[in-house]
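Worksheet: one structure, shown below.
Residue numbers (the working numbering): 141 to 336.
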């Protein structure tokens, strides 16, 4: 794997060294946010396709009434059709030879272990399960609003506060940590590295 030698005056060209001598060029907040925005374009296209499919099927079979009228069935359907495919996309792409999603590759980023090597699917899955906790929690809370009474609305407010807290902690960890690791990166020992 390639890395930088840190000298007193400047960083020289790429070279292979021992772990202790390496200085990675870590992916910062804006580049990572840009990569996620690019990936979200793909997610939006997928969601549009699922929505169009449901609109078509609903004209034939009234599937919306069957799938989404019940609280548990609706949440399970949304999780299986939305969250699971997105989670698998990120985990499979980050554990592949590319070491990153389409958005990360477009912006010259890759997900790696301490040695800069590809991570396993299990580690990529754990990383993304942790990353998408706020995503899934917010979807659950939005879904619950439909079935919530006035007395339960405070619980939903606390849930959204938790979502924002988790997002804030991850952003704070990313900008404060010299290796630019989010909380989920720290927990599974992964790094997002600039390849350019």
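Heads up, the beta-carbon is just placed ideally off N, CA and C, and yes, glycines get one too.
- Counted as a single uninterrupted DSSP element, the beta strand (DSSP E) harbouring residue 334 occupies residues 331-334.
- Around residue 168, the same chain offers 320 as residues with beta carbons nearer than 7 Å, after the five sequence neighbours per side are excluded.
- Closest in alpha carbon position to residue 296, among 234, 282, 183 and 334, is 282.
- Nearest Cα to residue 264 within the set 303, 332, 199 and 313: 332.
- By the Cβ neighbour-count rule, residue 298 is exposed, with fewer than 16 other Cβ atoms within 10 Å of its own.
- Under the 8 Å Cβ criterion, the region 171-183 counts as touching the region 232-251, having at least three qualifying pairs.
- By the Cβ test, the region 216-227 is not in contact with the region 306-316, since fewer than three Cβ pairs between them sit closer than 8 Å.
- The region 223-237 and the region 254-271 touch, with no fewer than 3 CB-CB distances between them shorter than 8 Å.
- The beta carbon of residue 271 is closer than 6 Å to those of 324 in its chain, skipping five residues each way along the sequence.
- Its chain contains 215 as the residues whose beta carbon lies nearer than 7 Å to that of residue 280, once the 5 sequence neighbours on both sides are disregarded; these appear in chain order.
- Within the region 224-286, the complete beta strand (DSSP E) runs of at least 3 residues fall at 249-252.
- With respect to the C-alpha of residue 221, the residue from 301, 189, 268 and 284 having the closest C-alpha is 189.
- In chain order, 333 place their CB closer than 6 Å to the CB of residue 164, counting only its own chain and leaving out the 5 sequence neighbours on each side.
- Take residue 203, set aside five residues on each side of it, and the residues of its chain with a beta-carbon closer than 6 Å to its own are 197, in chain order.
- Judged by DSSP in its simplified three-state form, residue 210 adopts coil rather than helix or strand.
- Non-local beta-carbon contacts of residue 335 in its own chain, meaning distances under 6 Å to residues more than five positions away in sequence, involve 248 and 250 in chain order.
- Approximately 7 Å separates the beta-carbon atoms of residue 329 and residue 253; this is inside 8 Å, confirming the contact.
- A direct Cα-Cα distance of roughly 48 Å separates residue 210 from residue 255.
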